Structure formats: structure tokens, C-alpha cells
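Working notes, beginning with the structure itself.
Numbering (my numbering), first residue to last: 4 to 197.
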């Protein structure tokens, strides 16, 4: 039941905005009563927290774990991208809600939730960029552009999936990383055929 309510709320939040969606609209669309929503989530903000904070914290922890435990920085980057794509695959409505928050007016009580995850995600990607540079794979002068390109191609792929029904097929992170590295690699790494 709680998953159904959360999924319905995510869809409505993505379509109308968090602040513009009332509890009444959520319970009517979900076919439940207000007490049922309050039983599971206590409040509209509690519902949004269940949609954002807990899942984003889990994703951030997964990304940190991959960064810590994967010795090869190329493989670590591929796994981090795959973890992020899987996050959106598992609940597309939640993903659309997140992008509505990113690109729309920020809901007053929720901006801090997204800001914290964005900082953690950026730190993780910057750490991978640093490791790729230290390994002689990415040119030091191109590291920031490489990290920005990784984030951009991830966002573009995710948006195409969420809004244009383009599949996130298996192996996509590997192909994305391979193609990006061709443009940012050191001459030595590119010539080695790695």
C-alpha cells in the first residue's frame, strides 16, 4: 500500500510540482484515505522524504562503496553510472519527480534533500576523475571537462529514458565511458589500446 501511495504521489509531484499537489489529490488518485497516507508517511513532507531522502542516501552510499572498493577507475566509473541508471529504472515516477525538482521551482522544504545528494554525487564523480588522471588515463587539463561530460551524458540518457521511452540497455555505461575516454584520454593511454 505504501509503495502505491508513494508511486502515485511521485507521478503527481512530477506532473504538477510538489507545492502544487495537495494531500487530497494524492489520496484521491491513489484511492486511499488521508488517515491511510498519514499512517504510512505522517505528512506530505514525510512522503516526499520517503521518495527522495532514503533512496538518494542509499544511492549515494552505493556510489561511495563502488568508489572505495573498485581498484580500476574505469570500471568504478562504469559501475557508478550503472548504479545511477538502475536507480531510475527501478522507479521511473520517482525519477521524473526528481527531475521536476531539479528543473522546476524548488519546493521549499525539499531543496536541501537534493542539494546534499548533488554534492555527494559531484564529490564521487570528481574523485573518479582524479583517479583517472592519476592513472594516466585522462589528461589533467581535461579532468573537469571529463567529469562534467560524464554527468551530462548520464543526465541526457536518463531524461531520454524517462520522457522519451528510450531504453537504458545493458552495457550502456560501458559504451558511454569508452566513448568519453576517447575524447579525453592521454595520448599514452589512447595509443596503448586500453
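Glycine included, each C-beta is placed from N, C-alpha and C at the ideal position. Computed from a prediction, not measured in an experiment: that's the story for all the values here.
### Query
What first and last residue would you give for the alpha helix (DSSP H) that runs through residue 34?
Looking at the DSSP string, residue 34 is not in any alpha helix (DSSP H), and its letter there is neither H nor E.
### Query
CA-CA distance, residue 47 and residue 5?
13 Å
### Message
Rounding to the nearest angstrom, what Cα-Cα distance links residue 26 and residue 96 in this structure?
### Response
17 Å
### Which listed residue (152, 171 and 153) has its alpha carbon closest to that of residue 161
171
### Query
Per the contact definition of three or more C-beta pairs closer than 8 Å, is the region 128 to 141 in contact with the region 37 to 46?
no
### Query
How big is the Cα-Cα spacing for residue 35 and residue 12?
12 Å
### Message
On the DSSP bridge list, what partners appear for residue 141?
### Response
188
### Task
Would you give the residue range spanned by the alpha helix (DSSP H) that residue 62 belongs to?
56 to 72
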